[in-house]
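A.B. asks: A single structure is presented below for examination.
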Amino acid sequence: MKARRIFPLLLITAMVLSLVPLTTALAQESVNIRIRCKSTPPTEDWRCNNFAEVVEDVEADLGIDINLELIQDNAGWGDYKQEFQLSAEAGEAVDIVLSGHEDIGAWSAAGFIIPLDEMIPDYPEFADIVPSLWESMKGPGGAIYGIPQDAEARPLFFSKPLLSDLGWSDEEIEALPERIYSGEFTFADMLDVAEQAVEEGVVEEGYGFWHRPVNGGDFLYFYAGMGGQVLDEDGNLVFDKDAALKVFQMLEDARSRGVMNGSHLGIEWPDWHTTVAPGEKVLFATGGTWFWGDWAVNYVADRGGEDYLWENIGFAPIPAMETGQPITLTHPLAYMISASSDHPDVAMALIAAITTPEANNRHAIGSAHLGILNTQLESAEYQESEFLAAAHPMLDYAIFLPNHPSWGAWSEAYWSGIQAVESGELDAQAALDVVVGRLQNEVEGIVIR
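Next comes the structure, spelled out in structure tokens:
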């Protein structure tokens, strides 16, 4: 009797226990992934939105549920980066952050982001990335901390109607990009034409040449074009006084000739674009290739959009500062995985899933950014984009910003000199002295030459 009573109980217990692995197998792991992107709407929104297009495929591949949170807006870069840094210091940063490659230097040194070298070989998608872009993804020690999201170039834009008002023929206007590529038309030549436009009343004083209104990586091409070096063979930041003085003297001269007068310094970006994009007020301006897409959608849509731009705006690399080749700068944005992430493997799988020609073409063609993948560049969709086909050769003349932890301090000091000269506050030599003093006080180990 006793044995008969125990056996059914043991049998039932064994059956319940046998169901535990099956129940566990049926319940998928749920993972939270937060991704932070900065974008100018609507042209750049694929930076984050691409992840929503692939999340179901990644869930299926990994056998998990992903609770995806996309945080995307057009916050100022300073506020955007500070937001990440503060959250990273608290150990509460998003899993994936999109930012400029130059942040790799400071953020890797601070331990905010993780190296990706060991995970990259697991994803064949990354083998398709244009090889030269990997250099911009490396930290000071040589490890890779980012996956390229896009690339671009920083061209010189020029107004075709204003050149026509100066007496240039249609043939001369259309030939200007080739003259810049060949080195025949230099930056000095550009300033001469801008001065002529001011003197003849084609543009108002101060509207011959505009660059960006706030600090940014663009200004490095002035310095590099004058022969300046940024890093030495040991990886130390370098400041070449002779090169910087030439830049300041060039800008001081442009101010004295009425080509610029500081009117564009510090103005809001929408006001800058509204003034430059139509090609009616500013003769020459420097910016990014993505301006083309932004202008077509947000600034000249009522005039004909991209067709209007082709008719009225030309572009080419930045003319050679003195002699030789033109120059430009490419500033790849990168997806980086934060040290706060509990699931870096899932984050990496998501990044790999959008590193495809289809996903990146959605962004590149819509926003006038340049492609990052070999097969993307060869795709019919990319090649059929007239603007990208014309802009892509600029990458042959491009330089990168250095991924050094103190690059921000170097850049801010250099920018303070540019501001002082263009506003008329200081002459070129005095501005140089101020910049050198700041660098000596703020950047440990900098080499001043």
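Going by numbering that gives the first Met the number 0, the first residue of the sequence shown is number 0, and it counts up by one from there.
Heads up, the beta-carbon is just placed ideally off N, CA and C, and yes, glycines get one too.
(1) Given that a residue counts as buried once 16 or more other Cβ atoms are within 10 Å of its Cβ, and exposed if not, what is residue 277?
(2) Where does residue 230 fall in DSSP's three states?
(3) Just how far apart, CA to CA, sit residue 342 and residue 113?
(4) For the segment 20-80, list the alpha helix (DSSP H) runs that are entirely contained and at least 4 residues long, ordered along the chain.
(5) Measure the Cβ-Cβ separation of residue 157 and residue 313 and say whether it is below 7 angstroms.
(6) CA-CA distance, residue 30 and residue 43?
(7) The beta strand (DSSP E) with residue 335 in it runs from where to where?
(8) What is the C-beta distance between residue 50 and residue 67, in whole angstroms, given that I count them as a contact (C-beta under 8 angstroms)?
(9) Pick out whichever of 305, 272, 221 has its Cα sitting closest to the Cα of residue 186.
(10) May I ask which residues mark the beginning and end of the beta strand (DSSP E) holding residue 149?
(11) Does the distance from the C-beta atom of residue 162 to that of residue 431 stay below 7 angstroms?
(12) Would you mind listing the alpha helix (DSSP H) stretches within the segment 261-331 that are 4+ residues and don't spill past its ends, in chain order?
(13) Mind reading off the beta-carbon distance from residue 360 to residue 103? Whole number of angstroms is fine, and I expect it under 8 angstroms.
(14) When the distance is taken between beta carbons, is residue 427 closer than 7 angstroms to residue 228?
(15) Pop quiz: residue 257 and residue 197 are said to be a contact at Cβ under 8 angstroms. What is the actual Cβ separation, rounded to whole angstroms?
(16) So, are the CB atoms of residue 295 and residue 308 less than 7 angstroms apart?
(17) Tell me, please, which residues DSSP counts as bridged to residue 397.
(18) Is residue 115 helix, strand or coil when you go by DSSP?
(19) Give the secondary structure of residue 140 by DSSP, where H, G and I count as helix, E and B as strand, and everything else as coil.
(20) Which residues does DSSP list as the beta-bridge partners of residue 97?
(21) Looking at the secondary structure, which residues open and close the alpha helix (DSSP H) in which residue 386 lies?
(22) Name, in chain order, the residues that DSSP records as bridge partners for residue 209.
(23) Per the contact definition of three or more C-beta pairs closer than 8 angstroms, is the segment 314-333 in contact with the segment 174-188?
(24) Could you give the residue range of the alpha helix (DSSP H) that holds residue 184?
(25) On the CB-based measure, 16 or more other CB atoms within 10 Å of its CB, does residue 375 come out buried or exposed?
(26) Whole angstroms are fine: how far does the CA of residue 64 sit from the CA of residue 418?
(27) Could you tell me the boundaries of the alpha helix (DSSP H) in which residue 219 lies?
(28) Compare the beta carbon distance of residue 95 and residue 115 with 7 angstroms and say whether it is the shorter of the two.
(29) Please go through the same chain and pick out, in chain order, the residues whose beta-carbon is closer than 7 angstroms to the beta-carbon of residue 422, but skip the five residues on each side of it.
(30) Going by DSSP in three states, residue 128 sits in which element: helix, strand or coil?
(31) Would residue 328 and residue 219 qualify as a contact pair, given that the criterion is a beta-carbon distance under 7 angstroms?
(32) Return yes when the Cβ of residue 292 is within less than 7 angstroms of the Cβ of residue 151, no when it is not.
(33) Below 7 angstroms between beta carbons: does that hold for residue 330 and residue 99?
C.D. replies: Quick look at the numbers:
(1) Residue numbering aside, residue 277 sits at position 278 when the sequence shown is read from its first letter. Here residue 277 is buried, its C-beta having at least 16 other C-beta atoms within 10 Å.
(2) As a working note, residue 230 is residue 231 in the sequence shown. Reduced to three states, the DSSP call for residue 230 is strand.
(3) Mapped onto the sequence shown, residue 342 falls at position 343. Mapped onto the sequence shown, residue 113 falls at position 114. Going from the Cα of residue 342 to the Cα of residue 113 covers about 12 angstroms.
(4) 45-61
(5) Counting from 1 along the sequence shown, the entry for residue 157 is found at position 158. Counting from 1 along the sequence shown, the entry for residue 313 is found at position 314. For residue 157 and residue 313, yes; Cβs fall inside 7 angstroms.
(6) To locate residue 30, count along the sequence shown from 1; it is residue 31. To locate residue 43, count along the sequence shown from 1; it is residue 44. If I take the Cα positions, the gap works out to 27 angstroms.
(7) By 1-based counting over the sequence shown, the position of residue 335 is 336. Counting along the chain, the beta strand (DSSP E) containing residue 335 begins and ends at 332-336.
(8) Reading the sequence shown from its first residue, position 51 is the one you call residue 50. Reading the sequence shown from its first residue, position 68 is the one you call residue 67. Their Cβ separation, rounded to whole angstroms, is 6 angstroms, which keeps residue 50 and residue 67 in contact under 8 angstroms.
(9) By 1-based counting over the sequence shown, the position of residue 186 is 187. For the residues 305, 272, 221, the minimum Cα distance to residue 186 belongs to 221.
(10) Sequence index remark: in the sequence shown, residue 149 carries index 150 (1-based). Per DSSP, residue 149 belongs to the beta strand (DSSP E) from 146-149.
(11) The residue you call residue 162 lines up with position 163 of the sequence shown. The residue you call residue 431 lines up with position 432 of the sequence shown. Cβ distance not < 7 angstroms, so residue 162 and residue 431 don't count as in contact.
(12) 268-275, 289-297, 305-311
(13) Translated into the one-based positions of the sequence shown, residue 360 becomes position 361. Translated into the one-based positions of the sequence shown, residue 103 becomes position 104. The Cβ separation is near 25 angstroms, so there is no contact.
(14) Within the sequence shown, numbered from 1, the residue matching residue 228 stands at position 229. Within the sequence shown, numbered from 1, the residue matching residue 427 stands at position 428. Not in contact: residue 228 and residue 427 (Cβ atoms no closer than 7 angstroms).
(15) As a working note, residue 257 is residue 258 in the sequence shown. As a working note, residue 197 is residue 198 in the sequence shown. Contact holds; Cβ gap of about 4 angstroms.
(16) Working through the sequence shown from its first residue, we reach residue 295 at position 296. Working through the sequence shown from its first residue, we reach residue 308 at position 309. A contact, by the Cβ cut-off of 7 angstroms.
(17) As a working note, residue 397 is residue 398 in the sequence shown. For residue 397, which the question treats as bridged, DSSP gives the partners 327.
(18) Within the sequence shown, residue 115 is the residue found at index 116, counting from 1. Note: residue 115 maps to coil in three-state DSSP.
(19) Working through the sequence shown from its first residue, we reach residue 140 at position 141. DSSP places residue 140 in coil when its eight states are reduced to three.
(20) Here the question's residue 97 lines up with position 98 in the sequence shown. Paired residue(s): 334.
(21) Here residue 386 is taken as the residue at index 387 of the sequence shown, counted from 1. Taken as a continuous stretch (DSSP letters only), the alpha helix (DSSP H) holding residue 386 covers 385-390.
(22) Residue mapping note: residue 209 aligns to position 210 of the sequence shown, counting from 1. Looking at the DSSP assignment, residue 209 forms a beta bridge with 284.
(23) yes
(24) Indexing the sequence shown from 1 puts residue 184 at position 185. That residue, residue 184, is in no alpha helix (DSSP H); it is neither H nor E in DSSP.
(25) The sequence position of residue 375 within the sequence shown is 376, counting from 1. Classification of residue 375: buried, given that the 10 Å Cβ count is 16 or more.
(26) Here residue 418 corresponds to residue number 419 of the sequence shown, with the count starting at 1. Here residue 64 corresponds to residue number 65 of the sequence shown, with the count starting at 1. If I take the Cα positions, the gap works out to 51 angstroms.
(27) The count along the sequence shown starts at 1 and reaches residue 219 at position 220. Element bounds for residue 219: 219-224.
(28) As a first step, residue 95 is located in the sequence shown; it is residue number 96 there, counting from the start. As a first step, residue 115 is located in the sequence shown; it is residue number 116 there, counting from the start. Against a cut-off of 7 angstroms, the Cβ pair of residue 115 and residue 95 comes out as no contact.
(29) For the purposes of this step, residue 422 is taken as residue 423 along the sequence shown, with counting starting at 1. The answer, listed in chain order, is 261, 264.
(30) As a working mapping, residue 128 is identified with position 129 in the sequence shown. Strand at residue 128.
(31) For the purposes of this step, residue 328 is taken as the residue at position 329 of the sequence shown. For the purposes of this step, residue 219 is taken as the residue at position 220 of the sequence shown. In this structure, residue 219 lies closer than 7 angstroms to residue 328 by Cβ.
(32) If you number the sequence shown from 1, residue 151 lands on position 152. If you number the sequence shown from 1, residue 292 lands on position 293. It is not a contact, given that the beta carbons lie outside the stated cut-off.
(33) Residue 330 sits at position 331 when you count from the first residue of the sequence shown. Residue 99 sits at position 100 when you count from the first residue of the sequence shown. Yes, the pair counts as a contact, with Cβ atoms nearer than the cut-off.
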